[in-house]
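Peer 1: First residue of the sequence shown? That's 3 in the working numbering, and the numbers climb one at a time after it. C-beta atoms are modelled at their ideal positions from N, C-alpha and C, and glycine is treated no differently.
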Amino acid sequence: MEIFTLPAVEVTVHGCLSGEGDRVKLEYSIYKRMSRLVLWHSGYFDGNLEKLFAECHVINPSKKSRTRQMNTRSSAQDMPCQICYLNYPNSYFTGLECGHKFCMQCWSEYLTTKIMEEGMGQTISCPAHGCDILVDDNTVMRLITDSKVKLKYQHLITNSFVECNRLLKWCPAPDCHHVVKVQYPDAKPVRCKCGRQFCFNCGENWHDPVKCKWLKKWIKKCDDDSETSNWIAANTKECPKCHVTIEKDGGCNHMVCRNQNCKAEFCWVCLGPWEPHGSAWYNCNRYNEDDAKAARDAQERSRAALQRYLFYCNRYMNHMQSLRFEHKLYAQVKQKMEEMQQHNMSWIEVQFLKKAVDVLCQCRATLMYTYVFAFYLKKNNQSIIFENNQADLENATEVLSGYLERDISQDSLQDIKQKVQDKYR
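(1) With a cut-off of 8 angstroms, do at least 3 Cβ pairs link the segment 119 to 130 to the segment 86 to 93?
(2) Are there three or more Cβ pairs, one per stretch, closer than 8 angstroms when the segment 240 to 254 is compared with the segment 265 to 278?
(3) Along the chain, where does the alpha helix (DSSP H) that runs through M106 open and close?
(4) Expressed to the nearest angstrom, what Euclidean distance is found between the alpha-carbon atoms of V26 and E396?
(5) Please report the straight-line C-alpha distance between M81 and M143, rounded to a whole angstrom.
(6) Rounded to a whole number of angstroms, what is the C-alpha to C-alpha distance between T160 and N320?
(7) Bridge partners for P129 per DSSP, in chain order?
(8) Taking C-alpha atoms, which residue in S304, W208, L153, P187 lies nearest to G197?
(9) Who pairs with K183 in a beta bridge, going by DSSP?
(10) Secondary structure at E407, three-state DSSP: helix, strand or coil?
(11) According to the neighbour-count rule (16 or more other Cβ atoms, all chains shown, within 10 Å of its Cβ), is P129 buried or exposed?
(12) From D224 to T368, what does the alpha carbon distance come to, in whole angstroms?
(13) If we count the other Cβ atoms within 10 Å of its Cβ and call it buried at 16 or more, is H279 buried or exposed?
(14) Go through its chain and collect everything with a Cβ distance to E267's Cβ below 6 angstroms, but skip five positions before and after it.
(15) Apart from the five residues on each side of it in sequence, which residues of its chain come closer than 6 angstroms, Cβ to Cβ, to L41?
(16) Which of the three DSSP states is assigned to R303 in this structure?
(17) With DSSP collapsed to three states, give me the class of K250.
(18) Tell me which residue opens and which closes the alpha helix (DSSP H) that C214 is part of.
(19) Determine the burial state of R68: buried for a count of at least 16 other Cβ atoms within 10 Å of its Cβ, exposed for fewer.
(20) Could you have a look at E277 and say whether DSSP puts it in helix, strand or coil?
(21) Hey, how far is the Cα of K250 from the Cα of A306?
(22) Could you check how far apart the C-beta atoms of I146 and S110 are, in whole angstroms? I think they sit under 8 angstroms.
(23) Roughly how many angstroms separate the alpha carbons of T125 and H102, rounded to a whole number?
(24) Please go through the same chain and pick out, in chain order, the residues whose beta-carbon is closer than 8 angstroms to the beta-carbon of Q199, but skip the five residues on each side of it.
(25) With DSSP run on the structure shown, which of helix, strand or coil describes C315?
(26) Distance check for V246 and K171, CA to CA, integer angstroms please.
(27) My output table needs one value for W42: the three-state DSSP class, helix, strand or coil.
(28) Using the Cβ count rule (16 or more neighbours within 10 Å means buried), how would you classify Y155?
(29) Among all the DSSP beta bridges, which residues are the ones paired with Q199?
(30) Taking DSSP as the reference, what is the three-state secondary structure of V60?
(31) Just tell me which of Q262, Q416, F6 has its CA closest to the CA of Q343.
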């Protein structure tokens, strides 16, 4: 595994493109545009240059001479720009291999808008209507004078290279601009120079034992409103007449729909009309297999699914919250380490506390993701073994957390040290 800074990535991009450009016998600026459209994939070129030029929206260099001859005019003659319709000398116009020329002011504003507002880098095309020829880097850097726009453009190009390379990944830590490079694009933990550990495959915090696809599904489940729907299904019923959702807030089963256009009266238990419930043919106390079983089963399934989700979600969120609190322990542990050194212990001897906090945070993170894993785990003998191991880890984690939060005195110093080391070893 290697860690690159942003300038190092830009050097890598240049080296990669120069080598491939030499191989296909194309000038660097042309191949640079072509390679981006084939996802920076080495070995893409199969010998058919015409096909490659067409797919990459680049003019074949051997056909440029005819285009240039068609667009040659006297430099003394003024001509209108096809964007702003102002007349300028021919020398004030510039264009691409396609032959479309516009004034430099319009070019600059066009490129600035594409870069700063639309976030486009390697896919900026000629501004002429219907023309898909791509703008090369030299043209962009020559026509843009604002240094901020130039820097943004360079970052967009570099970001595109990283995003399209299966062996590279940006560090997800805020304000970190390092790139991690691996030998094989697997789901494995990688650690950036800034200290952030994450899954190389999905970019989330390392989430062993749950797989990336299940974690993605879990995060979506927690973020969207699907569980609100489950709660509604488990705790409310629909009016049998107008289908408005109703929540029961009292003990009486005689329900009156509050919809002003409905006002239907029905029984909360069987959802039938309320009028027969006071007559001789009252049948709410009789279980009707055909009419009620499907509705009741559906509500029970919704209620059970909601309770199961809340069980795992509450424990997942609890360990996430505890993990945030454990990070505050580092400051407390630093103070305890200083106190221990005042009790005739060396700096080396008190390092066990910092290591213990590191292990505690790892345990919290692992426990947090075990509940995601358990939520999608099928119930069988192996799941029982997993839950037993999960319980053991949970117990050891809480005991270790308790030791670290305990006040340290001269008498308890050695005892706490021994117990802490026994727990994290």
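Peer 2: With the given structure in hand:
(1) Using a Cβ-Cβ distance cut-off of 8 angstroms, the segment 119 to 130 and the segment 86 to 93 are not in contact, since fewer than three pairs of beta carbons, one from each stretch, lie closer than that value.
(2) Verdict: yes, contact present.
(3) Per DSSP, M106 belongs to the alpha helix (DSSP H) from 106 to 118.
(4) With a pLDDT of only 48 at V26, under the threshold of 50, the placement of this residue in the model should not be trusted; the figure read from the coordinates follows. Going from the Cα of V26 to the Cα of E396 covers about 59 angstroms.
(5) M81 and M143 have their alpha carbons spaced roughly 25 angstroms apart.
(6) In this structure, the alpha-carbon of T160 lies about 39 angstroms from that of N320.
(7) Beta-bridge partners of P129 (DSSP): none assigned.
(8) Checked all of S304, W208, L153, P187; the closest Cα to G197 is W208.
(9) Note: K183 sits in a beta bridge opposite E4, L170.
(10) In the displayed model, E407 falls within a helix according to three-state DSSP.
(11) By the 10 Å Cβ count, P129 comes out buried.
(12) Rather than Asp, the amino acid found at residue 224 in this sequence is Cys. Computed Cα separation, rounded: 18 angstroms.
(13) The residue in question, H279, is buried, as its Cβ has 16 or more Cβ neighbours within 10 Å.
(14) Hits under 6 angstroms: V258, W276.
(15) In this prediction, L41 has a pLDDT of 43, which is less than 50 and means its spatial position is unreliable; nothing more can be read from the coordinates.
(16) Here R303 sits in helix by DSSP.
(17) Under the three-state reduction of DSSP output, K250 falls in the coil class, being neither helix nor strand.
(18) For C214, the enclosing alpha helix (DSSP H) begins and ends at 214 to 225.
(19) Legend: pLDDT at R68 = 47, less than 50; position of this residue unreliable, value from coordinates given subsequently. Its Cβ having fewer than 16 others within 10 Å, R68 is exposed.
(20) Looking at E277 - three-state DSSP - the assignment turns out to be helix.
(21) Going from the Cα of K250 to the Cα of A306 covers about 19 angstroms.
(22) So it is a contact: roughly 6 angstroms between Cβ atoms.
(23) In a straight line, the C-alpha of T125 is about 17 angstroms away from that of H102.
(24) Within the same chain, Cβ atoms closer than 8 angstroms to the Cβ of Q199 are found at P191, V192, R193, N207, W208, the five residues on either side in sequence being excluded.
(25) If DSSP states are grouped into helix, strand and coil, C315 belongs with the helices.
(26) The C-alpha of V246 is placed about 49 angstroms away from the C-alpha of K171.
(27) Legend: pLDDT at W42 = 45, less than 50; position of this residue unreliable, value from coordinates given subsequently. Coil.
(28) Buried: at least 16 other Cβ atoms inside 10 Å.
(29) For Q199, which the question treats as bridged, DSSP gives the partners R193.
(30) V60: coil per DSSP, three-state reduction.
(31) Of Q262, Q416, F6, the residue nearest in Cα terms is Q416.
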